[in-house]
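Note sheet for the following structure.
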Amino acid sequence: MSGLMPAYVANGENNFTTDNRTMLRAGIAARYPNIGNAEASAFIDEVVTLRHLNSQRFIEKVAGEMMDKGAQPLVSLRPPVLGVPASVRTAYEAYLHALNSGAHDGTPLSQRWLPKK
């Protein structure tokens with residue numbers, strides 16, 4: 000695998016900002032063996048979709064999901080400017096850990112960008 004991907008992927012890490020689908024899948028497979036292909040693909044699709052949204056579309060997506068759940072509208076949200084913040088990377092890993100253990104709650108990944116209350 001080291002000839003095809005960066006060493007960090009082989010070491011069980013992912014860069015959610017820049018890794019392509021194959022690199023994300025390899026990293027997930029190495030760290031979370033209980034996550035099936037369909038679940039991993041859904042996660043990867045959502046990660047890739049989120050990182051390609053501009054600021055306005057990102058805010059619209061998060062606000063729409065919050066309204067769908069009956070949550071209060073956003074007062075303010077700082078959309079991603081460049082990269083994935085450490086808090087979001089941690090939330091993504093927690094999401095994958097829950098998915099791996101069968102305890103996934105169905106919360107959209109974009110909600111992981113919201114500040115903790």
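Number 67 in numbering that gives the first Met the number 0 belongs to position 68 of the sequence shown; there are no gaps in the numbering. Even glycine gets a Cβ: it sits at the ideal position worked out from N, Cα and C.
Can you grab the Cα-Cα spacing for the pair residue i / residue j, in whole Å?
| i | j | result |
| --- | --- | --- |
| D104 | L3 | 34 Å |
| G26 | D44 | 15 Å |
| Y31 | A62 | 30 Å |
| R56 | T48 | 11 Å |
| E38 | L98 | 8 Å |
| T106 | A6 | 31 Å |
| S109 | A85 | 15 Å |
| A9 | A102 | 26 Å |
Can you list, in chain order, the residues of its chain whose CB lies under 6 Å from that of residue i, leaving out five sequence neighbours each side?
| i | result |
| --- | --- |
| N13 | L23 and G26 |
Can you tell me where the alpha helix (DSSP H) holding residue i begins and where it ends?
| i | result |
| --- | --- |
| L3 | Premise fails: L3 is in no alpha helix (DSSP H) and is neither H nor E. |
| A102 | Looking at the DSSP string, A102 is not in any alpha helix (DSSP H), and its letter there is neither H nor E. |
Quick one: residues in its chain with C-beta nearer than 7 Å to the C-beta of residue i, no 5 flanking neighbours on either side, listed in chain order?
| i | result |
| --- | --- |
| V83 | F15 and T16 |
| E64 | P107, S109 and Q110 |
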